[in-house]
Each structure stands twice: as C-alpha cells, then as structure tokens.
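The listed protein sequences derive, respectively, from chains D and S.
Start counting the first sequence at 1; every next residue gets the next number (the working numbering).
Start counting the second sequence at 1001; every next residue gets the next number (the working numbering).
Even glycine gets a Cβ: it sits at the ideal position worked out from N, Cα and C.
Just below is one structure, and these are the notes that go with it.
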Amino acid sequence: MLDKQTGGPYAIEVRGLTKRFGQRVAIEDLSMYVRYGQIQGLAGANGGGKSTSLRVLSGLLAPDSGSAHVLGHALPSQGTRVRQLVGYLPQRNWLYSALSVRENLLFRAAVFDLKSPSRAAELQIDAFGLNAYASNAVATLSGGYTRLVELAAVLIHQPRVLLLDEPTTGLDPAARQVIWRRLASLAAQGTAIVLSTHDLAEAQYCSHLILLSEGRIKVQGAPHEIPNQLDAAAILVAGHQSAMVMESLPPWLVMAAYPHGNSLRLVIARKCVADIENRLGCLGCLTERTNLTLEDAALAVAHRGGGLG
Amino acid sequence: MMRRPLRRILAVARTETLRLLLDRSSMGLILLVPAVQLILFGFAVNLTPKNITFAISRSCGSQRDFILAAAAATRAFAVVTMDHDSSPSHFISDGQALVAIGCHGETFSMAADGSAPSAVRPAAAALQVALLSQLVSTSLPETAPHIEVQWLYNPDGRTSWWLAPGLIGVVIMISMLMLGALTLVRDREQGSWEGLLATPVTALDALIGKLTPYVILAMAQAAVVTVLARWLFEVPMLGRASVCVMAAGLFAIAHLALGFALSAIAQTQIQAVQAAVFFYLPSMLLSGFMFPFEGMPRWAQLIGEGLPLTHFVRVTRNLFLKGATAAAVSAEMWPVALFALGASMFAVIAYRRRLT
C-alpha cells in the first residue's frame, strides 16, 4: 500500500497482526502504517502488547497471523534481512556489561558488516559525547549513559527504521531530553521511529500515538487529538469530603481517580458527568469540569470497557 | 574481501574471547581444575590392592610359612593376626581382617569380605593363584609348568598411566559441557542475548563464534594435563601429542554444541547445569573411564558406544600408551564427529526456536 500523502511506500505496514503466548493474547488484530520521518508511539498499561509489537517488527518473534512489512520486507520470512536493516532497542540492558563502551560499539559495527568498524565506533563515541567513558566497562556507567550507549549501538549502522522499547525509562529529565532531541533529529532526516512508552508527557512528542490495551488498539491519532476521541470527561473534586468520594460513588461510574494537588481528579464517562456532579454536590464537594488529558485518556482506555464511544 | 558470515563469526568470537579473558577467576579455574584433578587422581587413586588386612588361623600351624610366602608374592596383604583359633569367617565378621585363611589337614579354607569387592576380590584371587602356584611347584618341583606373563604398555601396572589419559576427556567433557550450557542462558539472564538476536548474527554464526574460544581453551586443557602427566607421573606419550590436542578439540566441540543446545532450551542457569549433569554422570560411568567397559552388559555397552567420552578415553589411552597413529585415532573419533554434528544441528534448531 502506498502512502497517500507522499505517494511512496510506508516504512512499516502492519495489517491484522495477532500474536498469542499459549492462551494469552499478546496482540490482536494490530494494524498500523508508519511513514518515513514519523515518530509512532505505542502507549498503554503493562501487558498491553507494546513490547510484543516491537519484537515482532524487529523479526524476533513470528506472528500467529496477519502481515507485517518493514522496509518492504515481509515478516517473519525475511526476518534476517529485517534485522540487518532496522535498529531495535530492547527494554532491558542488553550490552555486554563487562566490555567497554568501545568494544560494544565495535562488536555492533562488525556484525552489521560496516566497512570500518573501528571508525564507525569512534564516530558514535564522538556523536554521543562518550569520549570520557569509551574505555570504561558498561557495567560502571550510570543508567542514563548506559541507555545512551545502547542508542549509539543501535544507530551504528544508520538504520532507516528504529524500534525502541521504552528508550527513556529510568532516566532523569536531562538524559530524556538528550535522547528525544536525537530522535527528533533522526526523524527529521527521514528515519521512521516506533517507540513504546509509559510516560504520557513524553508520548506528546510523538507524531502519532496508539493506545493499546490487552493487545488491541483502543484509540489512535495525533497525541493532542486522542482525548477528544474518547467518550470520557474529567472533573476536579475539592472540599473536605473529597476523601469520601470513592466510597460514595459506584465503582463502575469512575474510570480513574487520582490526586491532583489538593483536589481529586476523576475520569468518568461523559454521559455520567451531570449525575456524578449531583451526587458529589449532595456530599458537599465542589466540582469543576476540566479538559481530558492524554494521561486521563490512557487511564480511561486501561479501564475495563475502555470508556470508548 | 572477507565474507560477511566470517566477519560476523570473528566479531562474535572476539567478543566472547574478551569476556572470557576479563572473567579471570573463571579462566583461572578452567586451567587450574585439570591440574588439581590430575594431581588428586594421580597420587590418590590406586587400583592395585594394597594393605588388605589378612588373618591366618592358628590351625594352619606348620603351613603358616607356606601361606605367608604366597601372600607376600601377591604384595597385596598386611598380616594382622596369626594367633587365634577362629574360623576364617569369624575373622571377617569380627572385623579383624578382610581376608582370612584356615587349614584342615591339607585343605585351605579362605573367607573374604564381599562388601568391598573392588579391592578384596582381586587380592583374594591373587592369593588363590599364588597358593596354587606354590602347591604345584612344591609337589612337582621338576615338571611344574612355568607361566610367564608379559605385561605390555604398562608393565608395572601403574594406575596413573591408565588414569591420566582418560582424565583429559573427563576434564574437557565437564568443563566444556558446563561452559556451553551456561553461555546463552547467562546471556539471556543478563539481557545480552536479545541484543544479539536483534542483529544479523545467525544461529550458526553464534554457535561457531561463541564456541571457538572455548575449543581453544579445551585444547589448552589437554596440553596442560598431558604435560603434567608426563612430568608428575612419567606417563609415556608414544603417539603424537598434536594428534591428542586435535582430537581434544573435536571432543570439546561435541560437548560445547550439546551444552549450547541445552542452554538455548533452558530457562535458567540451574536448569542448564542440571541438564549437563544428567549427561555427564552416565558418560563417566559408562565410558570405561572408571569401570571396565567389557564388564558392562550389552545394552550398557551400546549406550556407552554412543557417548563421545568412551571413544575419546580409548583414543587418549591408545595415544599415550600404545602410540596410536593418526589414522587409528581418526577411525575411533568418527562417532565423536558424528555426535558433534548432531549436537550442532540440535543447537542451531534450538537457537532458531527462540526467534519464533
């Protein structure tokens, strides 16, 4: 299928992909089309199917049904070719921890058959500002630097598709910004990026976002459009009785509730807003309608039933 | 220009070698353990019965010197008592001796402790032969036939000469099986396997690249045991040491590949180690390294023939003591090569299964 916007092929085409582990459905009927230069985010609760989707796209897992093409190569039949072309960043630390940063990069450059592995390694060391640590064992680096080295290793063969499983988890804000700036720069150069994240503030940086729950796509679109696609609303509850709110409301009415400063933030079905405001008013609580955020949307999606229209 | 698979294999082998060299304690153990085992086995284990406690009943009276001479000829006994009238079986049941003898006129009656057959049985048999031999030569001094036995290859019957060559196989088998079994499962637990799977490195690249450094290590182990066996126990090396080292390489591949396959299947290091132990214990028992192969029932011999250690033990003993030629070694090693091929195929399939 050709991209209507550019007239060219998609970097990644996935249609009706399903993967089960025994009885458990990891992903079901997943479809997505990722353009070159696009940052495609996958968000959702644990077990939603984010990592499995990335592992299938990287050629590490064979799907049970559906079709997937990465850079025009079918999976899983052309998995070896796909693994040569993409850069996949697993969720866990995966470098050889006893080896130095330089040795790890040299290894990646050699197995990806680069003409001059040592030159490629030095280029990455320079590009990622790793000169001071190049001879240090990876095990001695902080979490942020380890992730940076992993990203440098994944990018060493200049892949046109990047598959990143929670690339910034556990990093401080400064390290996250370094990685996001680099991802934005790569996307600007035409690299297609698919990444999973739990951080919905970061998910805003994606050009397109899919919220997954129990292996299925619940909602997708540009991050700022996603809250509007849900039949959900958010209200802030204040007053000395706000602590009693959860005991006073039937559980099925509330999709999510969490503290918001001195107030309580409730995510509820849009059609129930008036009813809940009345119930809370009787309790002596003050309520205020507010915009649904991406985090509210993710919580609504994770809630059983999804709260979708 | 170097071909792609070769470059990948070399990259994996280089990385694995570096990791091995950085793990100095493991590296030291791999080379130290064979030396310690050889010293322990070589000096401590002696299959020739010695100092078997021996009692002669007072009933033997004038025949005592005759019996003592026969016992001395066997060099297996230490006489503990000659002054009691007990029956031979009482000496044994009282715990005074492992072998005892009594006399009734011209008849000797002997009793032996069957609860320790490995030492007592050959000693008792030797005493029986010595007594008969003396009886024949005293009753027929002129016409008694003289039987001369020529012991070839190990004239003094030194246990270390028989043990050390086989020990090369046992040391390599255990260490290579364990190293192979831990290689992937350790990487999986540390997370680095997923990183490797996500590269163009194929199952065969990984197998060859990861195992090559260990094969070289196994050859070094063979060299260490060979040198120490020559130096400490004067075990002769009548064949070519280089052939022994090459055969050790092939033998190591067989066990590394099997370990690699177990590693690809196992979920944890403990599972992988248990599977390795499940393989190497029967190998030690059924290979002829510890117990006579010829004495085993046919079915056990058939199992033994399928084990690489059986063939390698024969090869090393023949190389050291008989000066086996390279051709003879090749003829004995083909089942090991076949095993290595089968184990490698199993390993590649097990590795690929991880990609589904």
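Quick one: what's A208 of chain D bridged to in DSSP?
On the first sequence, position 208 is the one that residue 208 of chain D refers to. The sequence given here places His at residue 208 of chain D; Ala does not occur at that position. The partner list for H208 of chain D (beta bridge, DSSP) reads D:Q40.
Would you mind working out which of D:D275, D:V161, D:G48, D:R35 sits nearest R216 of chain D, comparing C-alpha positions?
The count along the first sequence starts at 1 and reaches residue 216 of chain D at position 216. A check of alpha carbon separations from R216 of chain D across D:D275, D:V161, D:G48, D:R35 identifies D:G48 as the nearest.
Counterpart residues of A260 of chain D in DSSP-defined beta bridges:
Position 260 of the first sequence, counted from the start, is the residue given in the question as residue 260 of chain D. In the sequence as displayed, the identity of residue 260 of chain D is His instead of Ala. DSSP output for H260 of chain D lists D:S263 as bridge partner(s).
State the start and end residues of the unbroken alpha helix (DSSP H) segment that holds Y33 of chain D.
As a position in the first sequence, residue 33 of chain D is number 33, starting the count at 1. No alpha helix (DSSP H) contains Y33 of chain D, which is instead part of the beta strand (DSSP E) from 24-34.
Best match in S:F1077, S:Q1134, S:S1330, S:A1347 for proximity to A1055 of chain S [C-alpha to C-alpha]:
To locate residue 1055 of chain S, count along the second sequence from 1; it is residue 55. Ranking S:F1077, S:Q1134, S:S1330, S:A1347 by Cα distance to A1055 of chain S puts S:F1077 first.
Three-state secondary structure (DSSP) at C285 of chain D?
Position 285 of the first sequence, counted from the start, is the residue given in the question as residue 285 of chain D. Coil, per DSSP.
Short-range partners of chain S found in the region 74-94 of chain D, where Cβ spacing is below 7 Å
For the region 74-94 of chain D, the residues whose beta carbon sits under 7 Å from a beta carbon of chain S are, in order, G79, T80, R83, Q84, Y88, P90, R92, N93, W94.
What whole-angstrom Cβ distance do G1259 of chain S and A1181 of chain S have, given they're in contact under 8 Å?
As a position in the second sequence, residue 1259 of chain S is number 259, starting the count at 1. As a position in the second sequence, residue 1181 of chain S is number 181, starting the count at 1. About 4 Å separates the two Cβ atoms, so the contact holds.
According to DSSP, is Q78 of chain D part of a helix, a strand, or is it coil?
Numbered from 1 along the first sequence, position 78 holds the residue referred to as residue 78 of chain D. The DSSP-derived three-state label of Q78 of chain D is coil.
Below-8 Å beta-carbon distance, E103 of chain D vs any chain S residue
Position 103 of the first sequence holds residue 103 of chain D. For E103 of chain D, the answer is yes, since a Cβ of chain S falls inside 8 Å of its Cβ.
If you draw a straight line from the alpha carbon of S1344 of chain S to that of A1203 of chain S, how long is it in whole angstroms?
For this step, residue 1344 of chain S is matched to residue 344 along the second sequence. For this step, residue 1203 of chain S is matched to residue 203 along the second sequence. For S1344 of chain S and A1203 of chain S, the gap between their C-alpha atoms comes out near 10 Å.
Close beta carbons around F1091 of chain S, own chain, < 8 Å, minus the five adjacent residues each side
Position 91 of the second sequence, counting from 1, holds the residue named residue 1091 of chain S. Non-local beta-carbon contacts of F1091 of chain S in its own chain, meaning distances under 8 Å to residues more than five positions away in sequence, involve A1055, S1057, T1081, H1084, A1097, A1100, A1111 in chain order.
Taking C-beta pairs closer than 7 Å, name the residues in chain D that G1195 of chain S reaches, listed in chain order.
Here the question's residue 1195 of chain S lines up with position 195 in the second sequence. Chain order gives the chain D residues near G1195 of chain S as P90, W94, L95, where near means a beta carbon separation below 7 Å.
Local Cβ density within 10 Å of F1289 of chain S, reported as buried at 16 or more and exposed below that:
For the purposes of this step, residue 1289 of chain S is identified with residue 289 of the second sequence, where counting begins at 1. So F1289 of chain S ends up on the buried side.
For K271 of chain D, the residue or residues it bridges with in DSSP:
Here residue 271 of chain D refers to the residue found at position 271 when the first sequence is read from its first residue. Beta-bridge analysis with DSSP links K271 of chain D to no other residue.
Would you please state the rounded distance, in angstroms, between the beta carbons of A1218 of chain S and G1249 of chain S? I believe it to be under 8 Å.
Numbered from its first residue, the second sequence carries residue 1218 of chain S at position 218. Numbered from its first residue, the second sequence carries residue 1249 of chain S at position 249. So it is a contact: roughly 6 Å between Cβ atoms.
Sorted by chain position, which residues of the same chain lie with C-beta nearer than 7 Å to V941 of chain S's C-beta, five sequence neighbours on each side aside?
With chain S running from 1001 to 1356 in the structure shown, residue 941 of chain S is simply not present.
Taking a cut of 9 Å between CB atoms, which residues from the region 37-67 of chain D lie near chain S?
Identification of residues in the region 37-67 of chain D having a C-beta nearer than 9 Å to some C-beta of chain S yields R55, S58, G59, L60, L61, A62, given in sequence order.
What residues of chain D sit near Q985 of chain S, judged by a beta carbon separation below 7 Å?
The question about residue 985 of chain S has no answer, for chain S in this structure spans 1001 to 1356.
Taking the continuous beta strand (DSSP E) assigned at G215 of chain D, which residues delimit it?
Within the first sequence, numbered from 1, the residue matching residue 215 of chain D stands at position 215. Counting along the chain, G215 of chain D falls outside any beta strand (DSSP E), and DSSP gives it neither H nor E.
Quick one: is G41 of chain D buried, meaning 16 or more other Cβ sit within 10 Å of its Cβ, or exposed?
The count along the first sequence starts at 1 and reaches residue 41 of chain D at position 41. Buried, by the Cβ-count rule.
If contact means a Cβ-Cβ distance below 8 Å, which residues of the region 1015-1049 of chain S contact chain D?
Result list: T1015, L1018, R1019, L1022, D1023.
The region 120-127 of chain D contacting the region 142-158 of chain D, beta-carbon criterion three pairs below 8 Å:
Counting Cβ pairs under 8 Å, three or more are found: they touch.
Taking 6 Å as the limit between beta carbons, can you name the residues of its chain near P227 of chain D, skipping five residues before and five after?
Indexing the first sequence from 1 puts residue 227 of chain D at position 227. Contacts found: L292, A297.
Can you give me the start and stop residues for the alpha helix (DSSP H) that C1103 of chain S sits inside?
To locate residue 1103 of chain S, count along the second sequence from 1; it is residue 103. Taken as a continuous stretch (DSSP letters only), C1103 of chain S belongs to no alpha helix (DSSP H), being part of the beta strand (DSSP E) at 1099-1104.
Own chain, CB closer than 7 Å to L1341 of chain S, minus 5 neighbours either side, in chain order:
Your numbering for residue 1341 of chain S matches position 341 in the second sequence. Excluding five sequence positions before and after L1341 of chain S, none of the CB atoms of its chain fall closer than 7 Å to its own CB.
On the premise that S248 of chain D lies in contact with A302 of chain D, defined as a C-beta separation below 8 Å, what is that separation, rounded to the nearest angstrom?
Taking the first residue of the first sequence as 1, we reach residue 302 of chain D at position 302. Taking the first residue of the first sequence as 1, we reach residue 248 of chain D at position 248. At roughly 23 Å, the Cβ-Cβ gap does not stay under 8 Å, so A302 of chain D and S248 of chain D are not in contact.
Just tell me which of D:R83, D:Q158, D:L299 has its CA closest to the CA of Q189 of chain D.
In the first sequence, counting from the first residue as 1, residue 189 of chain D sits at position 189. Relative to the Cα of Q189 of chain D, the nearest Cα in the group D:R83, D:Q158, D:L299 belongs to D:Q158.
Suppose contacts are defined by Cβ-Cβ distances below 8 Å. Is F1251 of chain S in contact with G1169 of chain S by that definition?
Position 251 of the second sequence, counting from 1, holds the residue named residue 1251 of chain S. Position 169 of the second sequence, counting from 1, holds the residue named residue 1169 of chain S. Yes.
Do S1160 of chain S and V1235 of chain S count as a contact pair if the criterion is CB distance below 8 Å?
Taking the second sequence and counting its residues from 1, the one referred to as residue 1235 of chain S is at position 235. Taking the second sequence and counting its residues from 1, the one referred to as residue 1160 of chain S is at position 160. In this structure, V1235 of chain S lies near S1160 of chain S, with their beta-carbon atoms less than 8 Å apart.
I'd like to know whether the C-beta of P1308 of chain S is nearer than 8 Å to at least one C-beta of chain D.
Position 308 of the second sequence holds residue 1308 of chain S. No, no contact with chain D.
In chain order, what residues of the same chain lie with their CB nearer than 7 Å to the CB of G239 of chain D, ignoring the 5 residues before and after it?
Counted from its first residue, the first sequence places residue 239 of chain D at position 239. For G239 of chain D, where only same-chain residues beyond five positions count, the Cβ hits under 7 Å are G284, C285, L286.
8 Å Cβ cutoff met for A1264 of chain S and L60 of chain D:
Numbered from its first residue, the second sequence carries residue 1264 of chain S at position 264. Numbered from its first residue, the first sequence carries residue 60 of chain D at position 60. Taking 8 Å as the Cβ cut-off, A1264 of chain S and L60 of chain D do not qualify as a contacting pair.
With 8 Å set as the bound, which would you pick, yes or no: does the beta-carbon of P1200 of chain S sit closer than that to a beta-carbon of chain D?
Sequence index remark: in the second sequence, residue 1200 of chain S carries index 200 (1-based). Under the Cβ criterion of 8 Å, P1200 of chain S is counted among the residues facing chain D.
Assuming contact is defined by CB atoms lying nearer than 8 Å, are A1326 of chain S and V1245 of chain S in contact in what I supplied?
Stepping through the second sequence from its first residue, residue 1326 of chain S is reached at position 326. Stepping through the second sequence from its first residue, residue 1245 of chain S is reached at position 245. Not a contact, by the Cβ cut-off of 8 Å.
For chain S, find out if any of its Cβ atoms is closer than 8 Å to the Cβ of F128 of chain D; answer yes or no.
Here residue 128 of chain D is taken as the residue at index 128 of the first sequence, counted from 1. No, its Cβ sits nowhere closer than 8 Å to a Cβ of chain S.
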